[in-house]
Amino acid sequence: MREVVVVGAGLAGVRAAGALRDEGFDGRLTVVSDERELPYDRPPLTKQVVTGTMTGDDIRLAGDDEFGARWIRGTAAVGLDRERRRVRLADGAELPYDGVVLAPGAKARAWSGAGVPGGVLTVRGLADVRRLRAEVDGGADEVVIVGAGFVGVELASSLSGLGVKVTLVEPFGAPLRALGGTVSQVVAEAAGRAGVALRLGVGVRGFAAAGDGRVRAVVLADGAEVSASLVVVAIGMVPATGWLAGSGLALPSGRIHCDERLFARAAGGVGGTAGAGAVDPAVVVAGDAAWCEAVRTVEGPVPLEHWSNAAAQGELAGRNLLAGPAAAEPYVHVPSFWTAAFGLRIRSVGLPGTGDREVVEAGSAAEGAVLVAHYLGERLVGAVSVNQGKLLPGYARRLN
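Each residue of the sequence shown is one higher than the one before, counting from 1 in the working numbering.
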């Protein structure tokens, strides 16, 4: 193996590149990114970078000189020819490979309705956060955030801390609902104490524009209008895998299907389901775009969009690509996640959203410090702590 291409310069791609060098790969290593930025860490974007306590320089990952790699920035991959072993780029160039790491990540899900006025943003990358902060510094003092998942809650906390009037709209009824009702209650109460207005359980019909074409209000499903000088749409992510159409890889739900050792599966069988096609020994997958057979519930594989997953998969993908399928290691990882918002430090292990009941096993929602275990029947599937992080390692051990 003399030519390896890594598509994606986020955490998973950078960890894969590092692992390749650490394992002794001394051939040509090319890293492709559609962003012009040096690689950077994403979790601080909606917290420290928005508030100004960190800059883009503070969150840099490895750069040009770390791996002796050729870095191609600001040029997207647009095709994968597995027969000829070529990655096609938007500028018409083709990159030959003996092995390729697919770590393209995800994009923010855009608003699908028509007539979106100016001042309606999504936030995924560093450029998005810079634009958001420029809008706030320029006088946008009423911000409506549509979606109360992790990005929406983190931004609501950060912007309210800057003195911005924030309204958080969640059509499905609760902030951070994937973590269960108890944690949602704690987060909602903390947001209210921070001065964030909550509009829960009501959808968004669209946006109303002022005479200059900029947004002036969010129009809710019940007809009410919420005044806004800026709107952030935070309704999830979509895998950045459209460029892989025609590659012959299995792409359930837009994600790249890979086996337990992270080798990509070819399409085939019934609907591209688990085990449908043979693995490609020259293609490994890591990060947000992966649909990995090793990360699963009783119903089948589930995607993970967590920092720890991207880091661990990236490292293993690099090692396994060099080892080959026969000597590759299976991916073994207890999912974990953490965030901080409204003075709460929230951590999870396992897959809490896959349980059928939750049990408060320490603290209480009223105290704002609670440990909630999630069970499927009698089996522990995950746990979430709010300001009770010292108790979580014991639950992680039970999930191994």
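Every residue gets a Cβ at the ideal spot worked out from N, C-alpha and C, and that includes glycine.
For residue i, name the three-state secondary structure that DSSP assigns.
i: G115; result: coil
i: G79; result: strand
i: D137; result: helix
i: M1; result: coil
i: V264; result: For the record, residue 264 in the displayed sequence is Ala; it is not Val. Three-state result, A264: strand.
i: P171; result: coil
i: P39; result: coil
i: L230; result: strand
i: S247; result: coil
i: Y395; result: helix
i: G300; result: strand
i: L61; result: coil
i: V238; result: strand
i: T339; result: strand
i: G254; result: helix
i: A110; result: coil
i: A16; result: helix
i: T30; result: strand
i: V50; result: helix
i: A326; result: coil
i: L376; result: strand
i: L176; result: coil
i: R70; result: strand
i: A210; result: coil
i: G8; result: coil
i: A369; result: strand
i: G24; result: coil
i: V120; result: strand
i: R131; result: helix
Taking all protein chains shown into account, decide if residue i is buried (16 or more other Cβ within 10 angstroms of its Cβ) or exposed.
i: F172; result: exposed
i: V298; result: exposed
i: D34; result: buried
i: G7; result: The sequence given here places Val at residue 7; Gly does not occur at that position. Counting Cβ neighbours within 10 Å, V7 comes out buried, since at least 16 surround it.
i: E445; result: Examination of residue 445 is not possible in this model, given that the chain is present from 1 through 400 alone.
i: E94; result: exposed
i: A289; result: buried
i: D65; result: exposed
i: S385; result: buried
i: P301; result: buried
i: E83; result: exposed
i: S364; result: exposed
i: P393; result: exposed
Can you tell which of the options has its C-alpha closest to the C-alpha of residue i?
i: G115; options: R193, G105, A209, T122; result: A209
i: L319; options: A383, A16, A9, S348; result: In the sequence on display, residue 319 carries Arg and not Leu. Minimum Cα distance to R319 is reached at A16.
i: A197; options: R216, A221, L159; result: L159
i: T339; options: V238, V32, P44, V295; result: P44
i: A328; options: A317, E142, S336; result: A317
i: T30; options: G10, Y97, R82; result: Y97
i: R397; options: A383, R133, A69; result: A383
i: V169; options: A178, G149, W71, G181; result: G149
i: V151; options: G343, V129, C292; result: V129
i: E37; options: P239, F263, T55; result: T55
i: F337; options: V32, V143, L176, V166; result: L176
i: C258; options: W243, V238, V279, L126; result: V279
i: L155; options: V120, G79, A234; result: A234
i: V4; options: D22, V136, A69, G10; result: A69
i: F207; options: G192, A228, A194, L200; result: A228
i: G63; options: A127, A9, A110; result: A9
i: G125; options: R73, T46, L220; result: T46
For the beta strand (DSSP E) containing residue i, name the first residue and the last one.
i: E225; result: 225–227
i: R347; result: 344–350
i: L198; result: 197–200
i: D91; result: Counting along the chain, D91 falls outside any beta strand (DSSP E), and DSSP gives it neither H nor E.
i: G382; result: 379–386
i: A217; result: 215–220
i: L45; result: Unbroken run through L45: none, as it is neither H nor E.
i: E142; result: 142–146
i: E293; result: Neither: E293 is in no beta strand (DSSP E) and is coded neither H nor E.
i: G99; result: 99–102
i: G424; result: No information on residue 424 is available, as it lies outside the stretch 1 to 400 that the chain covers here.
Going by DSSP, what residue range makes up the alpha helix (DSSP H) through residue i?
i: P281; result: From DSSP, P281 is part of no alpha helix (DSSP H) but of the beta strand (DSSP E) over 279–285.
i: W307; result: 307–323
i: L155; result: 150–161
i: T182; result: 181–193
i: G203; result: From DSSP, G203 is part of no alpha helix (DSSP H); its letter is neither H nor E.
Report, in whole angstroms, the separation of the C-beta atoms of residue i and residue j, which I expect to be a contact under 8 Å.
i: V381; j: P352; result: 7 Å
i: V164; j: V232; result: At roughly 11 Å, the Cβ-Cβ gap does not stay under 8 Å, so V164 and V232 are not in contact.
i: A250; j: A267; result: 4 Å
i: A19; j: A103; result: Rounded, the Cβ-Cβ distance is 12 Å, inconsistent with contact.
i: V186; j: V370; result: 6 Å
i: R261; j: P330; result: 6 Å
Is residue i near the ligand HEM, going by C-beta to nearest heavy atom under 7 Å?
i: P393; result: In the structure on display, the ligand HEM does not appear, and there are no ligands present to speak of.
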